[in-house]
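First the structure, in the form of structure tokens, and then the observations on it.
There are 2 protein chains.
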Amino acid sequence: MNFLWLPHRAAAERVDELLSRSGLRIERIVSWGQVSPAGFWYDQAEGEWVLVLAGAARLRFEDETDARSLGPGDWLDIAPHRRHRVDWTDPAVPTVWLAVYYR
Amino acid sequence: MNFLWLPHRAAAERVDELLSRSGLRIERIVSWGQVSPAGFWYDQAEGEWVLVLAGAARLRFEDETDARSLGPGDWLDIAPHRRHRVDWTDPAVPTVWLAVYYR
Numbered sequence: 025m026n027f028l029w030l031p032h033r034a035a036a037e038r039v040d041e042l043l044s045r046s047g048l049r050i051e052r053i054v055s056w057g058q059v060s061p062a063g064f065w066y067d068q069a070e071g072e073w074v075l076v077l078a079g080a081a082r083l084r085f086e087d088e089t090d091a092r093s094l095g096p097g098d099w100l101d102i103a104p105h106r107r108h109r110v111d112w113t114d115p116a117v118p119t120v121w122l123a124v125y126y127r
Numbered sequence: 025m026n027f028l029w030l031p032h033r034a035a036a037e038r039v040d041e042l043l044s045r046s047g048l049r050i051e052r053i054v055s056w057g058q059v060s061p062a063g064f065w066y067d068q069a070e071g072e073w074v075l076v077l078a079g080a081a082r083l084r085f086e087d088e089t090d091a092r093s094l095g096p097g098d099w100l101d102i103a104p105h106r107r108h109r110v111d112w113t114d115p116a117v118p119t120v121w122l123a124v125y126y127r
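Line by line, the protein sequences are chains A and B. The first sequence maps to residues 25 to 127 in the working numbering. The second sequence maps to residues 25 to 127 in the working numbering.
Okay, structure coming up:
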């Protein structure tokens, strides 16, 4: 699969695993307006480095007041067990994420 | 640094380290026509997952006859110690790579 190939809009996010190795997983995620469920926080044993390549999103850490706005080229590293959620993704265009999960 | 920010053309490739963790390193590499030195092969102890996001390149494995042409969205995984080299990158435009080195 070419990384830049885009699926049709769907009700759910689309997740494609690009690499899986011991202690490492690389995924491409495409959102079309999806957000984390109300009140839900990701709390992952793995670290996650995430890069937005297209679209727009707001990611919130539980330990911060304001959500972080992410657009093309923005990336951040999420430490293991740092609770976070996706407050918003642009419903008008696909938001393309590259996520590297590591231990 | 925004991932999509581009440096001016330079004599050497530009490498920016985006993440460094135990057994994991993520780099952004920008080539402007640079290639591996004649006769040189990379022979790395680490695995390398690499994604081309812009530009064009030809990557050759020693164990294959033909170079692989890579363009935007193409990615591949290079096993540890699989000898390879960059035969060509487009001299006219920047070639932007995301490289994930892992153990």
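Yeah, the Cβ is synthetic: ideal placement off N, Cα and C, and Gly gets one too. None of these values were measured; they are calculated from a predicted model.
- In the three-state DSSP reduction, residue 37(B) falls in the coil class, being neither helix nor strand.
- When Cβ-Cβ separations below 7 Å define contact, residue 85(B) makes no contact with chain A.
- Secondary structure note for residue 119(A): its beta strand (DSSP E) is the uninterrupted segment 119-126.
- Taking 7 Å as the threshold, the shortest C-beta distance from residue 73(A) to chain B falls below it.
- The residues 56, in chain order, have a CB closer than 8 Å to that of residue 34(A) in the same chain once the five nearest residues on each side in sequence are set aside.
- If you check the CB distance, residue 126(B) and residue 100(A) do not come in under 7 Å.
- Chain order gives the chain A residues near residue 45(B) as 71, 126, where near means a beta carbon separation below 8 Å.
- Put simply, of 46(A), 45(A), 50(A) the residue whose alpha carbon is nearest the alpha carbon of residue 39(A) is 50(A).
- The region 84-99 of chain A and the region 61-78 of chain B do not touch, with fewer than 3 CB-CB distances between them shorter than 8 Å.
- Look at residue 113(B) here: in three-state DSSP terms it is strand.
- Not a single CB atom of chain A sits nearer than 7 Å to the CB of residue 90(B).
- Under a criterion of Cβ atoms nearer than 8 Å, the residues of chain A adjacent to residue 97(B) are, in order, 26, 27, 28, 29.
- When C-alpha distances from residue 69(A) are compared across 36(A), 81(A), 37(A), 104(A), the shortest belongs to 104(A).
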